[in-house]
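A quick write-up on the structure given underneath.
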Ligand SMILES: Cc1cc2nc3c(=O)[nH]c(=O)nc-3n(C[C@H](O)[C@H](O)[C@H](O)COP(=O)(O)OP(=O)(O)OC[C@H]3O[C@@H](n4cnc5c(N)ncnc54)[C@H](O)[C@@H]3O)c2cc1C
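In my numbering, the protein residues as written are 123 to 474.
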């Protein structure tokens with residue numbers, strides 16, 4: 123399948139995915155047919171190893187067409203990147219070619235190592251290293267596609283504060299996927315907590331650690347990475363289309379459409395410059411890009427709603443879906459400085 127056909131199919135079926143909240147199995151098979159599942163897998167393991175720029179362009183287009191599918195893909199790709207970025211040749215050989223061919227599905231459950239449950243006294247998942255085994259106990263709070271996953275890249279914290287990252291087979295004794303949550307949007311992502319009761323893994327499932335801040339090692343995008351901003355840009359692009367369609371027939375909307383169009387173009391330019399390593403200007407740091415993306419996605423989707431008037435308020439209207447999707451970026455993979463920036467803007471503090 124060509125990318126053009128893939129995008130067309132995803133766009134056409136995005137409203138149903140949103141209203142029915144079913145797992146995007148069909149969408150994932152289209153991604154496989156269009157070779158998208160090979161994007162982040164290295165050539166040596168049957169992948170295409172696309173450049174960071176191509177990957178970002180792909181994510182933006184996919185998020186514009188169907189955020190739910192694109193989001194599931196980013197979590198699956200995050201798992202692939204953590205596996206391929208590790209030194210664990212056994213896991214790479216065993217998992218990456220099958221992931222590239224779409225024979226198995228992997229996802230990540232890593233937020234408790236960075237952004238989630240950080241205020242609690244005890245770690246969400248405790249890890250014990252015993253001889254050549256790793257024992258895990260606790261609850262991984264957020265795992266997209268958990269019910270459909272063969273492998274969850276997840277981790278735990280040891281008693282000395284160091285962390286480990288592992289490739290956890292969901293078939294391992296003691297792994298219990300809980301019911302997925304009904305969400306404000308993206309229910310189709312089947313995001314669920316996963317309970318780990320005395321799960322024992324052989325040492326060869328270790329991907330990284332034990333080390334402090336295990337998520338700062340290797341690749342795979344951290345909390346608030348440019349990938350998260352790219353998905354927000356996709357939703358912005360879709361909302362801009364809605365605004366422009368209306369501006370074509372309503373002259374009074376032209377300046378609003380032009381304003382959003384140039385803000386989105388500048389943000390996109392800064393995101394790609396940042397991706398290419400040009401982060402010297404403060405507005406091009408990953409955190410600044412994420413904060414600007416959050417700001418724009420919240421404002422542009424609400425502008426699309428205001429322009430669509432009462433019709434936009436009907437369930438199933440594209441403006442209504444976009445407003446709900448925008449809220450996701452306020453909570454997903456949002457490090458504290460980004461949350462702080464968002465709060466300052468929302469409370470209209472001076473200097474923002
Ligand atoms: C749809 C969706 C899909 C996701 N998918 C994934 C995934 O596949 N993999 C993954 O790793 N992550 C995933 N995440 C997790 C995400 O990246 C964030 O880590 C998560 O949204 C953080 O929210 P939390 O409720 O866990 O935060 P927490 O910080 O744990 O907050 C929970 C609650 O604790 C209270 N609280 C917070 N801070 C404090 C404090 N300092 N003092 C007292 N009380 C406090 C608040 O009442 C808050 O509501 C997903 C999130 C969403 C919404």
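Even for Gly, the Cβ is constructed at its ideal location relative to N, Cα and C.
Small disclaimer: the values here were computed from a predicted structure and weren't measured.
Range covered by the alpha helix (DSSP H) that runs through residue i
{"i": "residue 378", "result": "376-397"}
{"i": "residue 367", "result": "348-371"}
{"i": "residue 309", "result": "That residue, residue 309, is in no alpha helix (DSSP H); it is neither H nor E in DSSP."}
{"i": "residue 412", "result": "408-434"}
{"i": "residue 443", "result": "440-453"}
{"i": "residue 463", "result": "458-468"}
{"i": "residue 148", "result": "147-155"}
{"i": "residue 137", "result": "125-142"}
Check: residue i C-beta below 6 Å from any heavy atom of ligand 1
{"i": "residue 145", "result": "no"}
{"i": "residue 135", "result": "no"}
{"i": "residue 230", "result": "yes"}
{"i": "residue 284", "result": "no"}
{"i": "residue 266", "result": "yes"}
{"i": "residue 353", "result": "no"}
{"i": "residue 252", "result": "no"}
{"i": "residue 313", "result": "yes"}
{"i": "residue 325", "result": "no"}
{"i": "residue 308", "result": "yes"}
{"i": "residue 417", "result": "no"}
{"i": "residue 106", "result": "The question about residue 106 has no answer here: the residues shown for the chain are numbered 123 through 474."}
{"i": "residue 457", "result": "no"}
{"i": "residue 197", "result": "yes"}
{"i": "residue 241", "result": "yes"}
{"i": "residue 297", "result": "no"}
{"i": "residue 420", "result": "no"}
{"i": "residue 293", "result": "no"}
{"i": "residue 454", "result": "yes"}
{"i": "residue 233", "result": "yes"}
{"i": "residue 245", "result": "no"}
{"i": "residue 440", "result": "no"}
{"i": "residue 263", "result": "yes"}
Through-space distance from residue j to residue i, alpha-carbon basis
{"i": "residue 413", "j": "residue 423", "result": "16 Å"}
{"i": "residue 383", "j": "residue 357", "result": "13 Å"}
{"i": "residue 185", "j": "residue 147", "result": "17 Å"}
{"i": "residue 242", "j": "residue 234", "result": "10 Å"}
{"i": "residue 395", "j": "residue 230", "result": "27 Å"}
{"i": "residue 190", "j": "residue 136", "result": "8 Å"}
{"i": "residue 372", "j": "residue 173", "result": "41 Å"}
{"i": "residue 478", "j": "residue 271", "result": "Residue numbering for the chain in the displayed model covers 123 to 474; residue 478 lies beyond these limits and cannot be assessed."}
{"i": "residue 222", "j": "residue 205", "result": "12 Å"}
{"i": "residue 228", "j": "residue 365", "result": "37 Å"}
{"i": "residue 457", "j": "residue 209", "result": "27 Å"}
{"i": "residue 447", "j": "residue 354", "result": "9 Å"}
{"i": "residue 278", "j": "residue 188", "result": "32 Å"}
{"i": "residue 181", "j": "residue 154", "result": "15 Å"}
{"i": "residue 302", "j": "residue 376", "result": "42 Å"}
{"i": "residue 404", "j": "residue 450", "result": "25 Å"}
{"i": "residue 381", "j": "residue 157", "result": "36 Å"}
{"i": "residue 166", "j": "residue 160", "result": "11 Å"}
{"i": "residue 219", "j": "residue 211", "result": "12 Å"}
{"i": "residue 386", "j": "residue 359", "result": "8 Å"}
{"i": "residue 392", "j": "residue 317", "result": "40 Å"}
{"i": "residue 312", "j": "residue 175", "result": "28 Å"}
{"i": "residue 333", "j": "residue 236", "result": "14 Å"}
Residues sharing a beta bridge with residue i, DSSP
{"i": "residue 256", "result": "251 and 323"}
{"i": "residue 205", "result": "Residue 205 is not bridged to any residue."}
{"i": "residue 298", "result": "317"}
{"i": "residue 276", "result": "231 and 288"}
{"i": "residue 330", "result": "287"}
{"i": "residue 265", "result": "314"}
Start-to-end residues for the beta strand (DSSP E) that takes in residue i
{"i": "residue 180", "result": "Here residue 180 belongs to no beta strand (DSSP E); instead the alpha helix (DSSP H) covers 174-187."}
{"i": "residue 290", "result": "285-291"}
CB contact check: residue i to chain B, cutoff 7 Å
{"i": "residue 371", "result": "Protein chains in the displayed structure number just one, and chain B is not present."}
Quick check on the DSSP output: what are the complete alpha helix (DSSP H) runs of length 4 or more inside the region 210-243, in order along the chain? 211-222
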